[in-house]
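Per the working numbering: the sequence shown = residues 696 to 1152.
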Amino acid sequence: MSRTALRICPLCEATCGLTLTIEDTRVTGARGDRDDVFSKGFICPKGASFGAVDGDPDRLRTPLVRRDGELREATWEEAFDAVAAGLRPVVERHGPHAVGVVLGNPNVHTMAGALYPQVLLGALGTRSVFTASTVDQMPKHVSCGLLYGDANAIPVPDLDHTDHLLLIGANPLESNGSLCTAPDFPGKLKALKARGGTLTVIDPRRTRTAKLADRHIAVRPGTDALLLAAMTHVLFDEHLVNLGELAPHVQGVDEVRAQVRDFTPEAVAEACDVTAAEIRALARELAAAPTAAVYGRIGSCTVPHGTLASWLVDVLNILTGNLDRPGGALFPQAATDRTPWPAGPGHGFALGRWHSRVSQYPEAKGELPLSALAEEIDTATAEGEPIRALIAVASNPVLSAPDGTRLDKALDSLDFMVSVDPYLNETARHADVVLPPPPPSQSPHHDFAFNTLAVRN
């Protein structure tokens, strides 16, 4: 018997509404929900494949426990007993920090992943926590934490109302964007141009988004911070700074002016491979727009000085008076967000409260760089025990983290490993216990994280 059901797509940050066709217990079709007030029927190939993902015959449907060197199907009771028997001796012998936890990107797309990792970490008492966020977005969290006092207070471009959008390191026509929850991001860019707005793209490659832009600046890879610092210099040098209603709330303007004094367009032009005239034009157009928003994404994070570049994105929004105003960069608030507004710079955010054992990398948001996981397992130091056990939740770092070959070898040296994953992938194959989550159609869903980054409250 066929019926339909509504839900929100859990496969990316856009949170589009889906109308699913269900026959018995099987999802046989997925289309955009035309009545969804946010996505209005938009759907991408990922959403359309919901049924195929849900019913993938390669998904694990029962736990696996390693016996005599081989992973074999087991009951849930047997699997959880094996987890307890494997983890408890490690904690008792080496201490809680000898248990590492890796949290992957899909956690933020599920209710369980949003609600229960902190319970797990609290029970373990470990500081050896590594996340996917440290690979692609932590610089933005750190810059916002230092700037606003809250690492999750991330301004989002008001795509539906801005007159001028400057994208750096983002290609939403192909990826839809992130840290900005916007169904049909490509359609919003086309609507911006249709209403007479301006789209500027800073990207080393001529991406599909760059081809749509009114101005494309092919900056040399890795020089984002230099370019943004020179634009900031121009705002001061040409008296284009206009804080507007932000003026009573902004501190440190003179300090910023002093810090960018030497970063003239002429000084950075050769390094950036962008002419001084183009840099000045970027700053002037941003300042002259009735409303404007600067939006930097993964390309501006995964470069040298990515935190500085992320900070300068907000500096440009602030100095042009476009932070926290319609048409600019806004702070959304979800219905479930009960976090009080931060007290300001230096309040509520601390960086480097502890460090990784081998290379002494600082924690941020309680998370250590995923790129340090291999050395934390395979390198002995006088600073403490290596990681002897690992819990990987919705994560495949052998494939997705830097130096996966080294990590692949390091995982074999662990005393015990648990993987929460629907697939026996490059990482899970090392586990002693594999716990498969239910498929999306059988999981409750609410976007706790993404609603706090939405272009509409």
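Cβ coordinates follow ideal geometry from the N, Cα and C atoms, glycine included.
For His-859, the enclosing beta strand (DSSP E) starts and ends at 859-863. Beyond the five residues adjoining it in sequence on each side, Thr-997 comes within less than 7 Å, by CB distance, of Asp-831 in the same chain, given in chain order. Here Thr-720 is exposed, its C-beta having fewer than 16 other C-beta atoms within 10 Å. CA-to-CA, the gap between Arg-1052 and Ala-1059 works out to about 15 Å. Across the structure, Met-696 and Ile-717 are spaced so that their CA atoms are roughly 8 Å apart. Between Cys-967 and the set Arg-901, Ala-924 and His-934, the nearest pair of CA atoms involves Ala-924. Of the residues assessed, Lys-885 falls on the exposed side of the cut-off, its CB having fewer than 16 other CB atoms within 10 angstroms. The shortest CA-to-CA distance from Ala-988 to any of Glu-772, Glu-1078 and Pro-1021 is the one to Pro-1021. Given a length threshold of 3 residues, each whole run of the beta strand (DSSP E) inside the region 842-927 is given here in chain order: 859-863, 893-897 and 910-912. Beta-bridge partners assigned by DSSP to Gly-724: Thr-716. Residues Met-1112, Val-1113 and Ser-1114 of the same chain have their beta carbon placed closer than 7 Å to that of Ala-1126, with the five preceding and five following residues left out of the count. In this structure Asn-1017 is in contact with Thr-986, their Cβ atoms being roughly 6 Å apart against a cut-off of 8 Å. Counted as a single uninterrupted DSSP element, the beta strand (DSSP E) harbouring Arg-762 occupies residues 759-762. In this structure Gly-750 does not touch Asp-728 by the C-beta definition: roughly 20 Å separates them, more than the 8 Å allowed.
The region 796-808 and the region 1078-1097 touch, with no fewer than 3 CB-CB distances between them shorter than 8 Å. Assignment of alpha helix (DSSP H) within the region 1051-1106, counting only whole runs of 4 or more residues, yields 1068-1073, 1092-1095 and 1099-1106 in chain order. Between Arg-901 and His-911, the CB-CB gap stays under 8 Å.
In this structure His-859 is buried. Its beta-carbon is surrounded by 16 or more other beta-carbon atoms within 10 angstroms. The Cβ atoms of Ala-1105 and Asp-1116 do not sit closer than 8 Å to each other.
For Met-1112, the enclosing beta strand (DSSP E) begins and ends at 1111-1115. Sequence-distant Cβ neighbours of Leu-782 in its own chain, meaning closer than 7 Å and more than five residues away, are Val-794, Ala-1084 and Phe-1111.
In the DSSP assignment, Tyr-990 forms a beta bridge with Leu-862. For Gly-817, there is no enclosing beta strand (DSSP E); the residue is found in the alpha helix (DSSP H) stretching over 812-819.
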